[in-house]
Amino acid sequence: MKKYLFSILIFSFLISFGQKRYSTKEIFNTLPLNQATKIKIISYNTNFVSEFPIPLPPIGGNIDSIEIKRIIANQKFPIKLVNIIDKENIEGINQIKTLNYKDSLELSNLLFNTCGKFPNNIRRVSMCFFPRNAILFYNENDQVFDFLEICFECHRIEALSEKATKINDMCDDFYTKLEKFFKSKGLKTQHSQR
C-alpha cells in the first residue's frame, strides 16, 4: 500500500512540475523581447462598458434636437490601440507605467513560464475581446514596434505582430497572475464607473 501511495505521489509530482520552463536567456531571445529596449504597461478603455458607446436617447419625447447634437458632440468612443500607437502623444491612455529590469523580468516569466513551455493545441474560442490593458515594446528609437493587448474579462491576449512568440495562456491561473501583476503596478484592469 505504501509503495502504491508513493508511486501516486511521485507521478503527481512529475505531472505538476514536468513542464519545461523557459530559461531567462531563452525568454529574452524571443520576439518581441529580443528587440525591446523599453517595456511599458498601460490601461485604457476602463471608463467604457463595452466597445460600443452609450446609445443616444430616442428622438422626440422629452429631448430636442439641440440636446441630441450636444450629446453627439460630447460623445466619446473607445480607442483602438492600433490606430493611436504611432502618434507621439498617445491620447486615450488612462494609465501608463514604464517597467524597470526587475519588473520586465517578472512580467516575462509570468508570460512565458506560468503555463509552461509547451502549449497544448486546445484553444478557447471567445468572440469577446475588448482589451483594457496592453504591454508595449519600444525599440532603440523610442517607438512602439509591437504590443500585446489583454482582455482580462474574456481571458484573451493578442499580439500586434504575427511573428511574436506565441504565449501559452492555457492554464487556470495565467490571467489571474497577470492581472495581479498589473494591479500591483497601480493599473486598472476592469471597467470602472466614475
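The sequence shown begins at 0 in numbering that gives the first Met the number 0 and counts up one residue at a time. Just so it is clear, CB atoms sit at the ideal spot from N, CA and C, and this is done for glycine as well. From a predicted model like this one, the values you see are computed outputs, not experimental measurements.
Roughly how many angstroms separate the alpha carbons of residue i and residue j, rounded to a whole number?
i: Tyr43; j: Glu105; result: 22 Å
i: Tyr174; j: Leu30; result: 21 Å
i: Leu110; j: Leu177; result: 8 Å
i: Thr45; j: Ile70; result: 20 Å
i: Asn132; j: Leu147; result: 8 Å
i: Lys162; j: Asp63; result: 52 Å
i: Phe51; j: Lys24; result: 42 Å
i: Phe180; j: Pro56; result: 40 Å
i: Asn138; j: Ser183; result: 25 Å
i: Ser191; j: Ser49; result: 12 Å
i: Lys68; j: Lys19; result: 59 Å
i: Ile65; j: Ile89; result: 32 Å
i: Phe12; j: Lys187; result: With a pLDDT of 49 at Phe12, under the threshold of 50, the modelled position of this residue cannot be trusted; read the value that follows with caution. Answer to the nearest angstrom: the Cα atoms are 36 Å apart.
i: Lys75; j: Asn82; result: 15 Å
i: Asn28; j: Ser103; result: 14 Å
Taking the alpha carbon of residue i as the point to measure from, which residue in the options has its own alpha carbon closest?
i: Glu152; options: Asp168, Cys127 and Leu30; result: Cys127
i: Val143; options: Ser191, His190 and Ile38; result: Ile38
i: Ile40; options: Asp168, Asn93 and Ser191; result: Asn93
i: Ala35; options: Thr188, Leu98 and Asn73; result: Leu98
i: His154; options: Gly115, Gln189, Val81 and Tyr137; result: Gln189
i: Asn140; options: Asp85, Ile53 and Ile134; result: Asp85
i: Asp171; options: Pro130, Gly185 and Cys114; result: Cys114
i: Pro130; options: Pro77, Asn28 and Glu66; result: Pro77
i: Cys150; options: Lys75, Ile134, Ser103 and Ser107; result: Ile134
i: Leu159; options: Lys79, Asn73, Lys187 and Ile89; result: Lys79
i: Asn73; options: Tyr21, Ile53, Glu90 and Phe136; result: Ile53
i: Phe136; options: Tyr21, Asn33 and Ser22; result: Asn33
i: Gly91; options: Thr164, Ser103, Asn112 and Phe47; result: Phe47
Residue i lies in the alpha helix (DSSP H); which residues open and close that run?
i: Leu95; result: Just to set this straight, residue 95 is Ile in the shown sequence, not Leu. Run containing Ile95: none in the alpha helix (DSSP H); it sits in the beta strand (DSSP E), Ile92 to Thr97.
i: Asp197; result: Given that the chain is displayed from residue 0 to residue 193, the structure contains no residue 197 and the question cannot be resolved.
i: Ile83; result: Leu80 to Ile83
Starting from residue i and walking both ways along the beta strand (DSSP E), at which residues does that stretch end?
i: Leu135; result: Asn132 to Tyr137
i: Glu148; result: Val143 to Cys150
What is the C-beta distance between residue i and residue j, in whole angstroms, given that I count them as a contact (C-beta under 8 Å)?
i: Asp145; j: Ile156; result: Actually they do not touch by this definition, with Cβ atoms about 13 Å apart.
i: Gly185; j: Lys96; result: 7 Å
i: Ile26; j: Asn108; result: 7 Å
Compare the C-beta of residue i against all C-beta atoms of chain B and say whether one is closer than 9 Å.
i: Arg155; result: Any reference to chain B falls outside this structure, which holds one protein chain only.
Quick one: complete beta strand (DSSP E) runs, 3+ long, within the stretch 27 to 68?
37 to 43
Start-end ranges of the alpha helix (DSSP H) lying completely within the stretch 156 to 185, minimum 4 residues:
173 to 183
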